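As structure tokens, the structure follows; a few thoughts come after it.
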Amino acid sequence: MTAAAPAARAPSAGGGGSAFGVLLRKELLESVRTFRLPIVAGLFLFTGLSSPVLARYLPEIIELAGGDQLGVLEIPTPTALDAVDQLVKNLAQFGALAAILLAMPLVSGEKDRGTAAFILTKPVTRRAFLLAKLVGLGVVLGASTVIAVIAGWIYTALLFEPLPVLGWLWLTFLVCLWLFAFAALTFAGSVVTGSTAAAAGIGFVALLGLGIVSAIPGLGKFTPGGLLGPATELAANTVSVGQLGTNLFYPIAATLVLIAAAIAVSAWSFGRQEL
Amino acid sequence: MTAAGDARAAGARVEIRDLTKRYGGANGVLALDGLELDVPAGSVFGLLGPNGAGKTTTLRLLVGLARPTRGSVVIDDGLIDPARPDRRRGIGVLDQEPRYYGWMRGRELVEMVGRLHGLSATVARQRAAEVLERVGLADAARRRVGGYSGGMRQRLGIAQALVDRPRLLVLDEPVSSLDPEGRRDVLALIAELRETATVIFSTHVLTDIERICDRVAILDRGQLVTEAPLDELLARYALPLYRLVPEPGEDAGLARLATALRTVPWVDRVDVDGVAMTVGVTDETTASRELLRAVVAAELRLASFERVRPDLEDVFLRLVGRRAEEPAA
């Protein structure tokens, strides 16, 4: 479309918020009305509650299940570190699945239904449309993670010992980063391919691929997988931020770069698409 | 300037130049080929054409959902530009099959659109109530859109398109899902809008165009066949028509007459629909003299014989039908 230079029509009854704000509100309302937020938050809450309980009572559970037949194998007495380790592992695995499932239809679904075209004939930039979706997704994952961490901290304190809150703030931040990485990669898949199934495939391949790469000695700390060890250690208060040094900085930087790259690819691709 | 003139100036003027859209690269499908149109401010402009004519492609290009392969659309000298989000205020759009967020309430959806157009929350709420009342959805405003019927969704689509009081309304088949009463109401609403907006709408229903349009463009196979004010189009292309209804059991005579008329130079077309025959003629003087002679020669007994007023359907069939007989460009 060509356009001459005259200034745009002045809003006749303006004072409205930004398109991003309006769309973000819509995303959050949608998360509540379609039960995405309550369901994910509920499942995360269960994870937060069950992880310390499982760590605390695992020896008894094994014994009740016939563990006396294991003979000489002695199960060590569980500690707060085991509770944290269990929580981080559960959040990492289950949370990544939730992130993929939440992100995969966000753009492809709206394109299929025609609602993306409906919104983008209004005075809305494509970036605002994408950003509102990403932030909405981030709020659902972030809020759910916070709920899981609070539940995990309380149960760890009750069943083991109270641990310093600062370490659990680090845990929250690092787990959120881990989840956002898979959410962003799946989201990019949803934007670029326009297919919910393909986006899911990209998310699961990323989960598997990054899992394999992070297991390679020396490479782990340059991947999102490198976030999980420090998250556990900081929450369990077995190490300080200063002691972790680059083992904390590198995975954070690598994950942020990965997220930024996924968002950039999404914005570039969506900007070129016809709806 | 008259009051009517002032009102007309409220709508946006649209200039379409060499608008071309090819899907799928250089060897892909040419959906629209060098369209040139001038849509005057304050007009109700109908885009008419058979399926695949390029109507929806034209509207998609007009609202910025697709990019032209070549050419341009200029709305009010660029004051409104669908390619630029900051200049999209002033356009109201209704999709052919409006599908919205099923979890939203009708009122919320229209308010959201108002907010996206930059209206304050209070103004958006007032306008939403106003337009929902106008399209007859006030009672359903609090219901979730997922429970709306197709006709209600179409009315909701019109409501959201009107919430910013647009100067240009682009409506793709705006009454296709409505029952006759709803169709009449919405067409009346569109006709009223010419006082504040320019309306461009596509349809394949010719009577809709005849009821409310000032100007008509007929598209076929991606090309503009003709464009003119409706009256001018009828005067220019509508041929005199005669309608002959035979007595029952006159099928053989009807067939004889049709065969005979198709060979004479003053007949443009002969349509037989089973119970009647419509004859379009190019020379009315000769036809008025010769047509009944031909009936007698075919030994056909008639129940009625009348000259009928040609309508847009006749123009459409004549123009598009003639092109259908030509090889594609």
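Heads up: the protein sequence lines correspond to chains P and S, in order. Numbering follows my numbering, with no gaps: position 141 of the first sequence is 130. Offset between the second sequence (1-based) and my numbering: plus 31. For glycine and all other residues, C-beta sits at the position ideal for the given N, C-alpha and C. All of these numbers come straight from a predicted model, not from anything done at the bench.
Taking 7 Å as the CB-CB limit, is residue i close to chain S?
{"i": "V154/P", "result": "no"}
{"i": "T36/P", "result": "no"}
{"i": "T110/P", "result": "yes"}
{"i": "V180/P", "result": "no"}
{"i": "L264/P", "result": "yes"}
{"i": "A105/P", "result": "no"}
{"i": "A87/P", "result": "no"}
{"i": "V11/P", "result": "yes"}
{"i": "V113/P", "result": "yes"}
{"i": "T221/P", "result": "no"}
{"i": "R102/P", "result": "yes"}
{"i": "R22/P", "result": "yes"}
{"i": "A8/P", "result": "yes"}
{"i": "G260/P", "result": "no"}
Taking Cβ positions only, does residue i come closer than 7 Å to chain P?
{"i": "W297/S", "result": "no"}
{"i": "P260/S", "result": "no"}
{"i": "A160/S", "result": "no"}
{"i": "H235/S", "result": "no"}
{"i": "R130/S", "result": "yes"}
{"i": "R120/S", "result": "yes"}
{"i": "A359/S", "result": "In this prediction, A359/S scores a pLDDT of 47, lower than 50, which makes its location untrustworthy; the coordinate-derived value is nonetheless stated afterwards. Output row for A359/S: interface = no."}
{"i": "R146/S", "result": "yes"}
{"i": "L96/S", "result": "yes"}
{"i": "V70/S", "result": "no"}
{"i": "V124/S", "result": "yes"}
{"i": "P116/S", "result": "yes"}
{"i": "T87/S", "result": "no"}
{"i": "G42/S", "result": "no"}
From the DSSP output, which residues share a beta bridge with residue i?
{"i": "G136/S", "result": "Looking at the sequence shown, residue 136/S is not Gly but Arg. For R136/S, which the question treats as bridged, DSSP gives the partners R175/S."}
{"i": "G187/S", "result": "Rather than Gly, the amino acid found at residue 187/S in this sequence is Leu. DSSP, once it has assigned bridges, lists no residue as partnering L187/S."}
{"i": "A69/S", "result": "According to the sequence shown, residue 69/S is Asp rather than Ala. Its beta-bridge partners are E46/S."}
{"i": "R53/S", "result": "L61/S"}
{"i": "D302/S", "result": "T309/S"}
{"i": "S335/S", "result": "V276/S"}
{"i": "V154/S", "result": "The partner list for V154/S (beta bridge, DSSP) is empty, contrary to what the question assumes."}
{"i": "V201/S", "result": "V124/S and I231/S"}
Taking 7 Å as the threshold (C-beta atoms), are residue j and residue i in contact?
{"i": "P213/P", "j": "L199/P", "result": "yes"}
{"i": "G253/S", "j": "D49/S", "result": "no"}
{"i": "L250/S", "j": "G80/S", "result": "yes"}
{"i": "I106/S", "j": "V194/S", "result": "no"}
{"i": "A84/S", "j": "T229/S", "result": "no"}
{"i": "A8/P", "j": "L147/S", "result": "yes"}
{"i": "D203/S", "j": "T87/S", "result": "yes"}
{"i": "V176/S", "j": "G133/S", "result": "yes"}
{"i": "L348/S", "j": "L288/S", "result": "no"}
{"i": "G213/S", "j": "G182/S", "result": "yes"}
{"i": "R198/S", "j": "G121/S", "result": "yes"}
{"i": "I111/S", "j": "R118/S", "result": "yes"}
With residue i and residue j assumed to form a contact (beta carbons below 8 Å), what rounded beta-carbon distance in angstroms separates them?
{"i": "T145/P", "j": "L155/P", "result": "Wrong, their Cβ atoms sit about 15 Å apart, outside the cutoff."}
{"i": "S97/P", "j": "S20/P", "result": "In fact, because the Cβ distance is near 18 Å, the residues do not count as touching under 8 Å."}
{"i": "Y273/S", "j": "L322/S", "result": "6 Å"}
{"i": "V276/S", "j": "V306/S", "result": "7 Å"}
{"i": "P113/S", "j": "V144/S", "result": "The Cβ separation is near 15 Å, so there is no contact."}
{"i": "R116/P", "j": "A256/P", "result": "6 Å"}
{"i": "I136/P", "j": "G37/P", "result": "7 Å"}
Which whole runs of the beta strand (DSSP E) in the stretch 239 to 284 of chain S are 3 residues long or more, in chain order? For secondary structure counted as the beta strand (DSSP E) over 3 or more consecutive residues, the stretch 239 to 284 of chain S holds these complete runs in sequence order: 246 to 251, 254 to 260 and 272 to 277.
Which runs of the beta strand (DSSP E) at least 3 residues long sit entirely within the stretch 42 to 97 of chain P? Give them in chain order. Listed in chain order, nothing qualifies, since the stretch 42 to 97 of chain P has no complete beta strand (DSSP E) run of 3 or more residues.
Of all the alpha helix (DSSP H) runs that stay within the bounds of the stretch 151 to 220 of chain P, which reach a length of 4 or more residues? DSSP runs (the alpha helix (DSSP H)) wholly in the stretch 151 to 220 of chain P: 154 to 182 and 185 to 204.
Of all the alpha helix (DSSP H) runs that stay within the bounds of the stretch 205 to 243 of chain S, which reach a length of 4 or more residues? For the stretch 205 to 243 of chain S, the full-length alpha helix (DSSP H) segments reaching 4 residues or more read 211 to 224 and 237 to 243 along the chain.
Identify every run of the beta strand (DSSP E) within the stretch 76 to 152 of chain S, keeping only runs that are complete inside it and at least 3 residues long; order them along the chain. Within the stretch 76 to 152 of chain S, the complete beta strand (DSSP E) segments at least 3 residues long are 101 to 106 and 122 to 125, listed from N- to C-terminus.
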